[in-house]
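Q:
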Amino acid sequence: MEESILCYICYENESKENPYASEPNPCTCKGSIIIHTKCLENVIKTSRNCSICKSKYNLKYLPQKDGRELIIETSEYGKRIEYTINERGERHGTYVIKNSSGRTILFHSYINGIMEGPYVEYYQNGQIKSVCKCRNNRIEGEYCEWDANGNVLEESIYKNGQKHGECIKWVREGWCRVAKTVNYIEGVGEEDY
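Residue numbering for the sequence shown is 2 to 194, as defined by this note's numbering.
Given below as structure tokens:
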């Protein structure tokens, strides 16, 4: 009597509706270790590596975006984090955090594991909280921050990740909003002297 090969997750045979993941092989397992495509999709939600051979699953079976592996993480508070990684496992491309209602609360970019490009942070109500650009994991150039109602709180310039030049902070004094200016040189403000 011929013994049939069963999926090692659900212990069922292959069917037209539920084929085995085989072209290409999802991992480096050999012989009678086989898995249905649908079972593999469920396994990938919790692990990117085969529990038997420990190899990373073939990218064909992993969620993708722009030809790179898409990582989706959900925190215990319902925040959803989405980003892609390159072949070395480094973050590469957009990095987005959304709150439990699906609204974006943080957006920035990576190039080969290094934060590069626009960085935008939002309040829970959707109002922009801060905007800047990053270069080599540091803030570089103009930085602007607002309160939850859209009022400007700070406008400053960064050089090599430190405030450098004129920084304007808007503060409340009684019923008025007053602009206070501080000049910075490599992160040290004149008020710090």
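From the three backbone atoms N, C-alpha and C, an ideal C-beta is built for every residue, glycine too. Bear in mind that the values here come from a model prediction, so they are computed numbers and not experimental data.
#1: Among the residues of its own chain, which have a CB less than 8 Å from the CB of Y21, if the five just before and after it don't count?
#2: Distance check for I158 and E191, CA to CA, integer angstroms please.
#3: Go to L41, then tell me how far its alpha helix (DSSP H) extends in each direction, as first and last residue.
#4: How would you call E13, buried or exposed, if buried means at least 16 neighbouring beta carbons within 10 angstroms?
#5: Output the residue ranges of the beta strand (DSSP E) runs that lie fully inside the region 67-92 and measure 3 residues or longer, sorted by chain position.
#6: Give the straight-line distance between the Cα atoms of K99 and I129, rounded to the nearest whole angstrom.
#7: Quick one: what does DSSP say Y62 is sitting in, helix, strand or coil?
#8: According to DSSP, simplified to helix, strand and coil, what is E13?
#9: So the candidates are V132, E122, E88 and N126; which of them puts its Cα closest to the Cα of G114?
#10: Tell me the residue span of the beta strand (DSSP E) that contains A165.
#11: Decide if P119 is buried, meaning its Cβ has at least 16 other Cβ atoms within 10 Å, or exposed.
#12: Taking only runs of the beta strand (DSSP E) that begin and end inside the region 94-135, which ones reach a length of at least 3 residues, in chain order?
#13: How is E191 classed by DSSP in three states: helix, strand or coil?
#14: Suppose you measure from the CA of V179 to the CA of R173; what does that come to, to the nearest Å?
#15: Residues in its own chain within less than 8 Å of H165 by CB, not counting five upstream and five downstream?
#16: Please identify the residue among G90, Y62, N137 and I140 whose C-alpha is closest to the C-alpha of N26.
#17: Verify whether the separation of the beta carbon atoms of K66 and T85 is less than 8 Å.
A: Let's see:
#1: Beyond the five residues adjoining it in sequence on each side, Y21 comes within less than 8 Å, by CB distance, of C8, E15, I35, I36, H37 and T38 in the same chain, given in chain order.
#2: Approximately 15 Å, taken between the alpha carbons.
#3: Boundaries of the alpha helix (DSSP H) harbouring L41: T38 to I45, taken from the DSSP string.
#4: E13 should be labelled exposed.
#5: For the region 67-92, whole beta strand (DSSP E) runs of length 3 or above, ordered along the chain, are 69-75 and 81-86.
#6: A straight-line Cα-Cα distance of about 14 Å links K99 and I129.
#7: Looking at Y62 - three-state DSSP - the assignment turns out to be helix.
#8: Here DSSP, grouped into helix, strand and coil, assigns E13 to coil.
#9: Among V132, E122, E88 and N126, the Cα nearest to that of G114 belongs to E88.
#10: Here residue 165 is His; the residue named in the question, Ala, does not match the sequence. Careful: H165 lies outside any beta strand (DSSP E) and carries neither H nor E.
#11: Counting Cβ neighbours within 10 Å, P119 comes out exposed, since fewer than 16 surround it.
#12: Whole beta strand (DSSP E) segments, 3+ residues: 105-112 and 115-123.
#13: In the displayed model, E191 falls within a helix according to three-state DSSP.
#14: V179 and R173: Cα-Cα distance of roughly 6 Å.
#15: Excluding sequence positions up to five before and after H165, its CB lies within less than 8 Å of the CB of I158, Y159, Y185, I186, E187 and G188, all in the same chain and listed in chain order.
#16: Selected option, being the one with the closest Cα: Y62.
#17: Yes, the Cβ-Cβ distance between K66 and T85 is below 8 Å.
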